[in-house]
Amino acid sequence: MKKGEVIFSKGTRWSLGRESNLNFWTDSWTSNGPLRSIIHGPLTRGEADLTIGDIALGEGWDWEKISLSLPMKIRMEIQAMPRACITNKEDCLIWAASSNGKFNLNSAYLLACEQKVHPNCFNGKWIWKLNVLPRIQSFIWMCFHKSIATRECLASRGISVDTSCPGLKDEILFSPNLEAFTSEGSC
């Protein structure tokens with residue numbers, strides 16, 4: 001659960017209720033995350049405690065209450081955000097990485113993949129189109145995802161193993177010297 005916390009916090013955001021009590025600066029309610037993480041500069045006394053309900057006026061926004069000038073792109077995104085003006089809906093946490101706000105494993109996987117291989121996610125669809133045995137396809141997929149249980153991979157996951165190869169002594173495991181690799185001495 002702890003390992004997925006970063007992805008969870010990156011993939012969620014708040015959906016605004018009618019009288020939102022979310023902090024305007026520190027809560028994650030825009031697609032860019034908390035405004036304070038992208039807007040820098042000093043805030044006036046009490047401004048750090050402003051809620052969205054303090055700044056939102058009916059169908060508009062009272063920009064005079066904040067001292068910092070927000071970039072037009074962010075201001076337009078905020079103005080375009082849907083708010084519960086008619087119903088008494090409260091603030092609720094939604095999965096921002098999907099189009100309907102509901103969590104799905106595919107969007108979480110893509111989010112996790114983007115985090116590791118930023119900015120492009122691994123596109124391995126071609127592997128499944130190869131004209132080879134399924135076990136070879138799986139092996140290639142595992143190689144690209146560094147999921148083969150080599151000593152180096154196990155050590156990177158916190159398992160206490162000696163990363164040197166007993167057959168190759170102190171040589172680098174993936175050496176360009178192909179003669180060093182023998183069927184008996186490979187790890």
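Quick note: the sequence shown, position 10, residue 10 per the UniProt record's numbering, numbers continuous.
From the three backbone atoms N, C-alpha and C, an ideal C-beta is built for every residue, glycine too.
Runs of the beta strand (DSSP E) lying entirely within the region 30-109 and spanning at least 3 residues, in chain order: 92-95. Non-local beta-carbon contacts of S20 in its own chain, meaning distances under 6 Å to residues more than five positions away in sequence, involve I52, G53 and D91 in chain order. Apart from sequence neighbours up to five positions away, the residues of its chain that approach R36 with a beta-carbon distance below 7 Å are W25 and T26, ordered along the chain.
Per the DSSP secondary-structure output, S15 pairs in a beta bridge with C92. Here the C-alpha atom of H40 lies approximately 48 Å from the C-alpha atom of Q137. Beta-bridge analysis with DSSP links N131 to no other residue.
For N23, DSSP records a beta bridge to T51. The Cβ-Cβ distance between A96 and R13 falls below 7 Å. L16 sits buried, since 16 or more C-beta atoms from the chains shown fall within 10 Å of its C-beta.
Here K146 carries a coil assignment [DSSP, helix/strand/coil].
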